[in-house]
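**Student:** Before anything else, here's the structure in question.
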Amino acid sequence: MEFSHYSVMRDDCIDALNIRPDGVYIDCTLGGGGHSLEIAKRLENGLLIGIDRDKEAIAAAKQRLSGYERVFRPVHANFSDIVHITND
C-alpha cells in the first residue's frame, strides 16, 4: 500500500505558528510531513520533533524532509507519549 496524505490548512497553520528560527516545535500527527516541512524550512538552529504511530508515515516524512536532518527528529510513537519523547 502506498502512503498518501493531504495537509489540511497548511498555510493557515504555518502563519498562525509565527515560527522562530531557534524555536522548538512538535508535530504530534506527522503524517506525510507537509506541515513539518514548512516548519523545518523556517528553522535555523531550532528543533522539530515529528510523532506518528504509522511506520509508513514516518518513512514518507523522512523522505520528504531529507535535507533537514539537522533540525528534524522523527519519532515512531503515539502522541500520548509526548512527556517521554520530549524528556529524551
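Each residue of the sequence shown is one higher than the one before, starting from 3 at the first, in our numbering. Glycine included, C-beta positions come from ideal geometry on N, C-alpha and C.
(1) According to DSSP, what are the bridge partners of G52?
(2) Just checking my contact of G52 with L32 at CB under 8 Å: how many whole Å lie between their CB atoms?
(3) Do you know offhand how far K64's Cα is from V85's?
(4) Which same chain residues, not among the five before or five after L67, have their C-beta less than 7 Å away from its C-beta?
(5) P76: buried (16+ other C-beta within 10 angstroms of its C-beta) or exposed?
(6) For E46, collect the residues of the same chain with a Cβ closer than 6 Å to its Cβ; drop the 5 residues on either side in sequence, then sort them by chain order.
(7) Comparing C-alpha positions only, which one of G69, R72, A79 and D29 sits nearest to D56?
**Tutor:** Quick answer:
(1) D29 and P76
(2) G52 to L32, Cβ: 4 Å. Contact.
(3) 22 Å
(4) Excluding residues within five positions, the ones whose Cβ falls inside 7 Å are G35, S38, L39, A42 and F74.
(5) buried
(6) P23
(7) A79
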